[in-house]
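Asker: Take a look at the following structure, please.
Numbering (the UniProt record's numbering), first residue to last: 1 to 167.
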């Protein structure tokens, strides 16, 4: 049986300078080939670097990349794996405070929450709407999205606006 191929993106939102070559090595090892990232300064976190890398490989490569980068301090990243004929898509998000979050995604990149996870949230929440909302936010990775959002938009042409620092 032929191996199903897919592609995805590694988005390193913030990494200390000293960690950058180690990240290239780790991703390269997961891909089975050397990689070089085009590093840029991360304006949200002075002294940190950011990079994006488009990859292709067998289904499961996204998990291998996320596992290779998981656990390093002061690192914020996302890894996506597009759906293929043989598998669903996936997204991994990591922050220093929250750790790693994995979610299944559809063809448009939306997070898909399975029925077992929804049943679990309903059971855990019983009749408390706030508990249900909290459990669904965990399933969707809302806290990770909230923490990563300023880093996602800190590209060259997207200045960061800190509303809580106004005034």
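For every residue, glycine included, the Cβ atom is placed at its ideal position computed from N, Cα and C.
Answer yes if the segment 126–135 comes into contact with the segment 103–116, meaning at least three C-beta pairs across the two stretches below 8 Å, and no otherwise.
Answerer: Flag = no, the segment 103–116 and the segment 126–135 do not touch.
Asker: According to DSSP, simplified to helix, strand and coil, what is residue 16?
Answerer: Three-state DSSP puts residue 16 in a strand.
Asker: Just checking, does the segment 22–34 make contact with the segment 92–101 on the three C-beta pairs under 8 Å criterion?
Answerer: The segment 22–34, when compared against the segment 92–101, does not touch it at the 8 Å Cβ threshold.
Asker: Is it buried or exposed, residue 14, if we count other Cβ atoms within 10 angstroms and call 16 or more buried?
Answerer: Looking at its Cβ environment, which holds 16 or more other Cβ atoms inside 10 Å, residue 14 is buried.
Asker: Hey, out of 121, 146, 45, whose CA is closest to residue 154's CA?
Answerer: Of the listed residues, the one whose Cα sits closest to residue 154 is 45.
Asker: How big is the Cα-Cα spacing for residue 114 and residue 65?
Answerer: Spanning the two alpha carbons is a distance of roughly 24 Å.
Asker: Give a yes or no on whether the C-beta atoms belonging to residue 10 and residue 59 are separated by under 8 Å.
Answerer: No, they are not a contact pair.
Asker: Does the Cβ of residue 6 have 16 or more other Cβ atoms within 10 Å, making it buried, or fewer, making it exposed?
Answerer: Buried: at least 16 other Cβ atoms inside 10 Å.
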